[in-house]
């Protein structure tokens with residue numbers, strides 16, 4: 026996850042991908058759960074991702090396409106609650122409730138800046 030502490034390491038990470046013949050780099054943005062001096066601005070992350078994508082294949086993230094929390098799956102916590110996403114952490118159900126009963130429809134896609142990215146500056 027890219028943050029202010031490791032932003033300077035992008036070239037080194039790309040070199041490691043080449044060295045170990047990685048097929049894909051998961052270039053994620055550090056998303057704090059409160060105001061934090063560790064996160065980078067969204068626009069700076071996009072520039073870093075574009076730079077990395079010119080050198081190695083990267084995944085498309087939900088930050089770029091729309092929040093799919095609770096649509097394609099859920100996160101199950103040790104206390105058996107269902108979170109819509111491991112980042113957003115909104116409880117949407119509890120075991121033994123069937124997961125199919127809590128999954129939302131794809132029409133309910135959300136803006137990531139209203140969910141897990143709400144503390145990231147543009």
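In the numbering used here, the protein residues as written are 26 to 147.
Virtual Cβ for every residue (Gly too), placed ideally from N, Cα, C.
Between the alpha carbons of residue 99 and residue 108 lies a distance of about 6 Å. Around the beta carbon of residue 84, fewer than 16 other beta carbons lie within 10 angstroms, which makes this residue exposed.
Residue environment: residue 56 is assigned as buried (16 or more neighbouring CB atoms within 10 Å of its CB, all protein chains considered).
In the DSSP assignment, residue 100 is bridged to 108. Just so you know, the alpha carbons of residue 40 and residue 34 end up roughly 10 Å apart.
Excluding residues up to 5 positions away in sequence, 39 lie with their Cβ nearer than 6 Å to the Cβ of residue 80 in the same chain. Residue 68 and residue 31 have their C-alpha atoms roughly 16 Å apart. When rounded, the separation of the alpha-carbon atoms in residue 72 and residue 65 is 11 Å. Beta-bridge pairing by DSSP links residue 27 to 54. In the three-state reduction of the DSSP assignment, residue 68 falls in the helix class, which pools H, G and I. Residue pairing by DSSP places residue 119 opposite 106 in a beta bridge. In the DSSP assignment, the residues bridged to residue 135 are 92. Within the same chain, Cβ atoms closer than 7 Å to the Cβ of residue 147 are found at 66, 67 and 68, the five residues on either side in sequence being excluded.
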